[in-house]
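One structure is given below, encoded as structure tokens.
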Amino acid sequence: MSHSPEEFTDQTNKAIGQALEYTQEQKHIELVPLHLAHVLIADGHGQQNPPPSKIYPNSSFINVLKQAKKLSKQQKDSHTAIGHILTVLHEDSDTTSAFGSVGLTTAEQTYQALEKYGHNLIADAEAGKLDPVIGRDQEIRRCIQVLSRRTKNNPVLIGEPGVGKTSIVEGLARRIVHQDVPDTLPRRLIALDLGALVASRWTDIPVSKLSQTERERLLKLSDHLHENVIGQDDAVDSVAEAVLRSRAGLSRQNQPNGSFLFLGPAGVGKTELAKTLALELFDSTESMIRIDMSEYTESHSIARLIGALPDYVGFEQDGQLTETVRRQPYAVILFDEVENEHPQIWSTL
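Under my numbering, the first residue of the sequence shown is numbered 21, with each subsequent residue one higher.
Quick look at the structure:
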């Protein structure tokens, strides 16, 4: 065999020897990667006689060893170990097929991307969450006709916002549930909101959160806040009502959705309420930006908060508040220890 034993660990050399023995037992004339994969995952072997007198490793087996040695060098390991060989074996088609036959798959093969990012319209139709579609029978039938083709079976719905493109798809889902479609049509309909995916990437808000309607989230906001903040019913109700007013369009434009002043001794839940609000609105407590105002006890420290004025030193640098909001515009900002800040900064805020 054309490999140097000193380049491999003792366990790896032992596995290669066992692969050679297994090839003889099976009366095969070539040593292939599948033999090596077998001895790495098998508990034992049977005995068969007479075994072939000479075994020849084929090119794919030698290539596996070469790729494993190359991988070990890339990872700056002194020897080629079994872990390197297993990594390379996953790229061999015969070995991958054998692994799959016994239920061994890679993470990519078991990852259900559609279930995470898509929305099952058939399940909504079965649960009665989709309303009947009126006046779109012709468009729905045309979609069914296009989908039933063997080729060029991708219908495209084009129109201005609000004309009913989504309703046509929902109507198709209802017909599938009611079995009012040809048998050749698949019984699966997944909605993938590309706009929500892009918005999720930009804002760090999960797609599942963006897919929920604003009404659903706001109606449950007060209940969820009460579940996490105990003993502050009045404060929680006031915060929830302010957020509802803002979402209803009754607040001033180009201003925060709400500004709150939480007063009280330590441990009553001021910070916890801010964290819970960030969790409910943006699905993560990391969306709460905390700024320690005890660091701004001098009047000139306002420049560090919102940036220096033109012609002043540090004018090109953004302030802590402005830069943080620019990077993470969808967040709850907590000004902590405001009693220690300078009065001029208080008036600015």
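Here a beta-carbon is modelled for each residue, glycine too, at the ideal position from N, C-alpha and C.
Check	Outcome
C-beta atoms of Leu-351 and Ile-311 nearer than 8 Å	One detail in the question is off: residue 351 reads as Ala in this sequence, not Leu. Cβ atoms of Ala-351 and Ile-311: not closer than 8 Å.
Start-to-end residues for the alpha helix (DSSP H) that takes in Leu-20	There is no way to answer for residue 20, as the model of the chain reaches only from 21 to 369.
Residue span of the alpha helix (DSSP H) that contains Val-108, given as start and end	102-109
4-residue-minimum alpha helix (DSSP H) runs that sit fully inside the segment 241-309, ordered along the chain	241-248, 253-267, 290-302
Between the CA atoms of Leu-205 and Gln-38 - distance to the nearest angstrom	51 Å
Local conformation of Val-84 per DSSP, three classes	helix
Leu-60, DSSP secondary structure in three states	helix
Residues sharing a beta bridge with Ile-353, DSSP	Ile-309
Own chain residues within Cβ distance below 6 Å of Glu-359, not counting five before or after	none
Check whether Met-313 and Glu-247 have beta carbons under 8 Å apart	no
At least 3 beta-carbon pairs within less than 8 Å: the segment 188-198 vs the segment 163-178	yes
Neighbourhood of Ser-187 by C-beta, 6 Å cutoff - its chain only, sequence neighbours within 5 removed	Val-153
7 Å Cβ shell around Gly-184 - same chain, five flanking residues per side excluded	Arg-156
Delimiting residues of the alpha helix (DSSP H) encompassing Pro-363	363-368
Gln-68 - DSSP class collapsed to helix/strand/coil	Low local confidence applies: a pLDDT of 45 at Gln-68 is under 50, so the model's placement there is unreliable, and no value is given.
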